[in-house]
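A.B. asks: Sequential numbering from -3 applies to the sequence shown in our numbering. We put the CB at the ideal spot given by N, CA and C, even for glycine. Can you keep this structure in mind? I'll have questions shortly.
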Amino acid sequence: MSLNIYTLFLTKPDNKTLENIIIHFPDQIKNKILKYQFLTDKWRACLSELLIRKILSEELNVNSNALKICFDENLKPYLNNFLRQFNLSHSNNLIVLATDEDRKSTRLNSSHIPLSRMPSSACKKKISRLSPEKRDTQ
């Protein structure tokens, strides 16, 4: 089993940057992001999509366009074409992504990751990878 946890701390939303990023997304993802009323929610959705695609493509060593993200009846995301579990949660200015090689459920809530237990480099790098030995096992 290889559980990986990644964190992304949100920066202040910027409408111009958001527009420059989402023009590269497929229409389905772009429309999903643009449905949000507030800029902060659009920004969070945009960065969540980027985080998922960047991390999964790196872990699976494939182009992010090769990832086919689907949703089950409970709206839990899964990869249709790779054996990899993942889940995303967010709270305020924190996005947390968990990935696992196993096909078992990867349930995650951002409250499971206490900020006081994160390495200080996580704040500097914006994205950090916590090894299973360093994660909270509550």
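(1) Using the Cβ count rule (16 or more neighbours within 10 Å means buried), how would you classify residue 71?
(2) How is residue 96 classed by DSSP in three states: helix, strand or coil?
(3) Please report the residue range of the alpha helix (DSSP H) in which residue 48 lies.
(4) Secondary structure at residue 85, three-state DSSP: helix, strand or coil?
(5) May I have the straight-line CA-CA distance separating residue 96 from residue 55, to the nearest angstrom?
(6) For residue 74, which of 94, 89, 57, 87 has the nearest alpha-carbon?
(7) Taking Cβ positions, are residue 43 and residue 6 nearer each other than 9 Å?
(8) Please go through the same chain and pick out, in chain order, the residues whose beta-carbon is closer than 7 Å to the beta-carbon of residue 138, but skip the five residues on each side of it.
(9) Buried or exposed for residue 82, please, with buried defined as at least 16 other CB atoms from any protein chain shown within 10 angstroms of its CB.
(10) Anyone know if the C-beta pair for residue 78 and residue 47 falls short of 9 Å?
(11) Considering only DSSP beta bridges, list what residue 7 is partnered with.
(12) What do you reckon, are the CB atoms on residue 19 and residue 45 nearer than 9 Å?
(13) Give me the Cα-Cα distance between residue 91 and residue 3, rounded to the nearest whole angstrom.
(14) Can you tell me whether residue 19 is helix, strand or coil according to DSSP?
C.D. replies: So, from the listed chains and residues:
(1) Here residue 71 refers to the residue found at position 75 of the sequence shown. The residue is exposed, with fewer than 16 neighbouring Cβ atoms inside 10 Å.
(2) For the purposes of this step, residue 96 is taken as the residue at position 100 of the sequence shown. In the structure shown, residue 96 sits in a strand (DSSP, three-state: E or B).
(3) Within the sequence shown, numbered from 1, the residue matching residue 48 stands at position 52. Unbroken alpha helix (DSSP H) run through residue 48: 35 to 56.
(4) Walking along the sequence shown from the start, residue 85 turns up at place 89. Under the three-state reduction of DSSP, residue 85 is assigned to strand.
(5) Here the question's residue 96 lines up with position 100 in the sequence shown. Here the question's residue 55 lines up with position 59 in the sequence shown. Counting only the Cα atoms, residue 55 lies some 10 Å from residue 96.
(6) Numbered from its first residue, the sequence shown carries residue 74 at position 78. Comparing alpha carbon positions, the residue from 94, 89, 57, 87 closest to residue 74 is 94.
(7) Residue numbering aside, residue 43 sits at position 47 when the sequence shown is read from its first letter. Residue numbering aside, residue 6 sits at position 10 when the sequence shown is read from its first letter. A contact, by the Cβ cut-off of 9 Å.
(8) Outside the displayed range of the chain (-3 to 134) lies residue 138, so it cannot be described from this structure.
(9) For the purposes of this step, residue 82 is taken as the residue at position 86 of the sequence shown. Residue 82 comes out buried.
(10) To locate residue 78, count along the sequence shown from 1; it is residue 82. To locate residue 47, count along the sequence shown from 1; it is residue 51. No.
(11) As a working note, residue 7 is residue 11 in the sequence shown. In the DSSP secondary-structure assignment, residue 7 is not bridged to any residue.
(12) Position 23 of the sequence shown holds residue 19. Position 49 of the sequence shown holds residue 45. Judged by their CB atoms, residue 19 and residue 45 are not nearer to each other than the 9 Å cut-off.
(13) Counting from one through the sequence shown, the residue named residue 91 turns up at place 95. Counting from one through the sequence shown, the residue named residue 3 turns up at place 7. Distance between residue 91 and residue 3, taken at the CA atoms: about 6 Å.
(14) The residue given as residue 19 occupies position 23 in the sequence shown. Of the three classes helix, strand and coil, the one that applies to residue 19 here is coil, per DSSP.
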